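Below is one structure, written out as structure tokens, with a few remarks after it.
In the UniProt record's numbering, the protein residues as written are 1 to 273.
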């Protein structure tokens, strides 16, 4: 049911006016700015990826002002793509209205427990029905919705979530941990670290991949996002290492001339901090 602008609340009117302001600025930039006029959907792609990672960093740092800023940058990209799409010819022509209506129709059709008579009382039931609806919409595989260009760790998690959506999953987390231990034992048995024998790199890579995949699987059962967990560890390592660099330099020492034991002293100081 569509609403008239006059019937909207003042807050919703101000939101729509702010969106209209962005659309107007985009129209002006596309017409008057040499850089904006030159851009194509292809040329914006790598910039959008960069903006997405910047938003991810802001979320990891729990920096709300930065999150707001990065969301604005991403929204600009969405409007930019839609503006270019409105200029394209043929059957592929679309504008921001088509984008918005498209996602609205998708959300309504994917939530029959809200906009229909389907019953889904739990998050798991919603996810399972979501995957079934996607298959009815024409997806050839449950896994076809996983982008091929996703980072491997995120892709592993999404693959497992998709499979779980149709019931292909372990029953208990103890079973999953058993799989982790099994994969770890296989890796250790085949590539014994205590010997110096040359290992088959491709085979070792495959076994290590199996181990990582099983760890990602267990993280789901432990309600841990593996990408977030690893990024937190990355940031923790960076902070501690930079403390080592700065403090040792202040003490007149050079990392290249320090022993590992000396470095460990600074590292342990950083851990206490």
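From the three backbone atoms N, C-alpha and C, an ideal C-beta is built for every residue, glycine too.
Note that this is a predicted model, so its numbers are computed, not measured.
How is the alpha helix (DSSP H) around residue i delimited, first residue to last?
i, result
"residue 275", "Here the chain comprises residues numbered 1 to 273, so residue 275 is not present and cannot be evaluated."
"residue 69", "64-87"
"residue 35", "34-38"
"residue 223", "Premise fails: residue 223 is in no alpha helix (DSSP H) and is neither H nor E."
"residue 265", "260-272"
Could you tell me how far apart the beta carbons of residue i and residue j are, in whole angstroms, since I believe they sit closer than 8 Å?
i, j, result
"residue 211", "residue 184", "6 Å"
"residue 109", "residue 135", "Actually they are not in contact, since the Cβ atoms of residue 109 and residue 135 sit about 13 Å apart, beyond 8 Å."
"residue 22", "residue 79", "6 Å"
"residue 148", "residue 139", "With a Cβ gap of about 15 Å, residue 148 and residue 139 do not count as contacting."
Thinking C-alpha only, which one of the options is nearest residue i?
i, options, result
"residue 84", "30, 98, 46, 63", "30"
"residue 131", "188, 241, 111", "111"
"residue 224", "186, 75, 153", "153"
"residue 47", "20, 76, 68, 60", "76"
"residue 209", "155, 260, 261, 221", "155"
"residue 60", "177, 232, 263", "232"
"residue 206", "255, 35, 186", "186"
"residue 87", "27, 12, 182, 269", "27"
Can you find the residues in the same chain that come closer than 7 Å, C-beta to C-beta, to residue i, ignoring five residues on each side of it along the sequence?
i, result
"residue 96", "23, 79, 82"
"residue 271", "240"
What does a CB cutoff of less than 8 Å around residue i pick up in its chain, not counting 5 residues either side in sequence?
i, result
"residue 8", "16"
"residue 41", "81, 84, 85"
"residue 143", "159, 162, 163"
Looking only at its own chain, which residues have a Cβ that is under 6 Å from the Cβ of residue i, when we skip the five neighbours before and after it?
i, result
"residue 54", "70"
"residue 176", "170, 217, 218, 221"
Worksheet item: Is there contact between the segment 124-142 and the segment 154-172, where contact requires at least three CB pairs shorter than 8 Å?
Response: Between the segment 124-142 and the segment 154-172, the count of Cβ pairs shorter than 8 Å is three or higher; the stretches touch.
Worksheet item: Are the segment 214-230 and the segment 167-183 touching, with three or more C-beta to C-beta distances below 8 Å?
Response: Segments in contact, yes.
Item to complete: State whether the segment 192-203 contacts the segment 235-255, with contact taken as three or more CB pairs (one from each stretch) at a distance under 8 Å.
Response: no
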